[in-house]
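Enquirer: The following block contains the structure, expressed as structure tokens.
Residue numbers (this note's numbering): 413 to 636.
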């Protein structure tokens, strides 16, 4: 008779096999990668929104200042020429100076220029005589002018002027021709008592920036 062999089941819990550990590590790695990508996308989106809001705020400040300067532009007969000048260097506006109550009104020449991608607004000191005004309009900025940087990363500023009856133009010859026509019309008796009309009644500004896919355009009334 063969002896009866009895097997006893070992007590305690069974451990993980190497294959199970590898599968668990692989799953954790996939979850970590997905979580990192999601967090990275959220961070990038937040940064993009912050940059966009910052750019919009800078654009709003720049255009608002241009709108104010255009609204305060003087008439052409006060400057002996065009109060608005556009050339390859930028935009120039002759405007009234926000003086102190009780003082005689004075004028101010402001210029918007782009240098190394930075838009700078230059402003002359208060001008009280016609000779000072002509010098400020012809000459460059000196140490008496104030300068305020308004926006960085700008490729170019293009300005168009609305001149009747030509329409939108970038040529100062059209402006001078309109001024000559307006001067000649003053010799007509029926129009002699009327003030000299503005040659430039509107401005359209187009700004190209590195952060923009296409330029941003704004239009302003002159002297309104």
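C-beta: ideal position from N, C-alpha, C; glycine also.
1. According to DSSP, simplified to helix, strand and coil, what is residue 528?
2. Leaving out five residues on either side along the sequence, give the residues of the same chain with a beta carbon under 7 Å from the beta carbon of residue 473.
3. Relative to the C-alpha of residue 579, which candidate in 441, 534, 476 and 614 has its C-alpha closest?
4. Is residue 476 buried or exposed, if buried means 16 or more other CB atoms sit within 10 Å of its CB?
5. Within 10 angstroms of the Cβ of residue 491, are there 16 or more other Cβ atoms? Answer buried if so, exposed if not.
6. Return the CA-CA distance between residue 481 and residue 608, expressed in angstroms with no decimal places.
7. If you run the structure through DSSP and keep just helix, strand and coil, what is residue 481?
8. What's the C-alpha gap between residue 540 and residue 507?
9. Please specify which runs of the alpha helix (DSSP H), each continuous and at least 4 residues long, are wholly inside the region 517-595, giving them in chain order.
10. Ordered along the chain, which non-local residues of its own chain (more than five positions away) have a Cβ less than 7 Å from that of residue 465?
11. Mind reading off the beta-carbon distance from residue 524 to residue 545? Whole number of angstroms is fine, and I expect it under 8 Å.
12. Give the secondary structure of residue 630 by DSSP, where H, G and I count as helix, E and B as strand, and everything else as coil.
13. Which of the three DSSP states, helix, strand or coil, is assigned to residue 443?
14. By Cβ distance below 7 Å, which residues in the same chain neighbour residue 636 in space, the five residues on each side in sequence not counted?
15. Grab the span of the alpha helix (DSSP H) containing residue 491 for me, first residue to last.
16. I need the DSSP call for residue 469, collapsed to helix, strand or coil.
17. Going by C-alpha to C-alpha distance, which of 542, 522, 527 and 530 sits closest to residue 536?
18. If you follow the beta strand (DSSP E) that residue 615 is in, where does it begin and where does it stop?
19. Who are the Cβ neighbours of residue 542 in its own chain at under 8 Å, not counting the five residues just before and after it?
Expert: Let me lay it out:
1. Taking the chain shown and counting its residues from 1, one reaches residue 528 at position 116. In this structure, residue 528 counts as coil in the three-state DSSP scheme.
2. Locating residue 473 in the chain shown gives position 61, where the first residue counts as 1. Within the same chain, residue 473 has close Cβ partners 562.
3. Walking along the chain shown from the start, residue 579 turns up at place 167. Nearest C-alpha to residue 579: 614.
4. Stepping through the chain shown from its first residue, residue 476 is reached at position 64. The residue is exposed, with fewer than 16 neighbouring Cβ atoms inside 10 Å.
5. For the purposes of this step, residue 491 is identified with residue 79 of the chain shown, where counting begins at 1. Classification of residue 491: buried, given that the 10 Å Cβ count is 16 or more.
6. Residue 481 sits at position 69 when you count from the first residue of the chain shown. Residue 608 sits at position 196 when you count from the first residue of the chain shown. In a straight line, the C-alpha of residue 481 is about 20 Å away from that of residue 608.
7. Against the chain shown, residue 481 aligns to sequence position 69. Of the three classes helix, strand and coil, the one that applies to residue 481 here is helix, per DSSP.
8. Taking the first residue of the chain shown as 1, we reach residue 540 at position 128. Taking the first residue of the chain shown as 1, we reach residue 507 at position 95. If you take the alpha carbons of residue 540 and residue 507, they lie about 12 Å apart.
9. 542-550
10. Position 53 of the chain shown, counting from 1, holds the residue named residue 465. With a pLDDT of only 48 at residue 465, under 50, the local geometry of the prediction cannot be trusted, and the value read off the model is given with reservation. So no residue of the chain qualifies.
11. For the purposes of this step, residue 524 is identified with residue 112 of the chain shown, where counting begins at 1. For the purposes of this step, residue 545 is identified with residue 133 of the chain shown, where counting begins at 1. Not confirmed; about 19 Å, so no contact.
12. Within the chain shown, residue 630 is the residue found at index 218, counting from 1. It is a strand residue.
13. Working through the chain shown from its first residue, we reach residue 443 at position 31. Note: residue 443 maps to helix in three-state DSSP.
14. As a position in the chain shown, residue 636 is number 224, starting the count at 1. Taken in chain order, the residues that qualify are 483.
15. The residue you call residue 491 lines up with position 79 of the chain shown. Run containing residue 491: 488-491, per the alpha helix (DSSP H) assignment.
16. On the chain shown, residue 469 is found 57 positions in, with the first residue counted as 1. Looking at residue 469 - three-state DSSP - the assignment turns out to be helix.
17. Translated into positions along the chain shown, residue 536 becomes position 124. For residue 536, the nearest C-alpha among the options comes from 522.
18. Your numbering for residue 615 matches position 203 in the chain shown. Residues 612-621.
19. Taking the chain shown and counting its residues from 1, one reaches residue 542 at position 130. Hits under 8 Å: 492.
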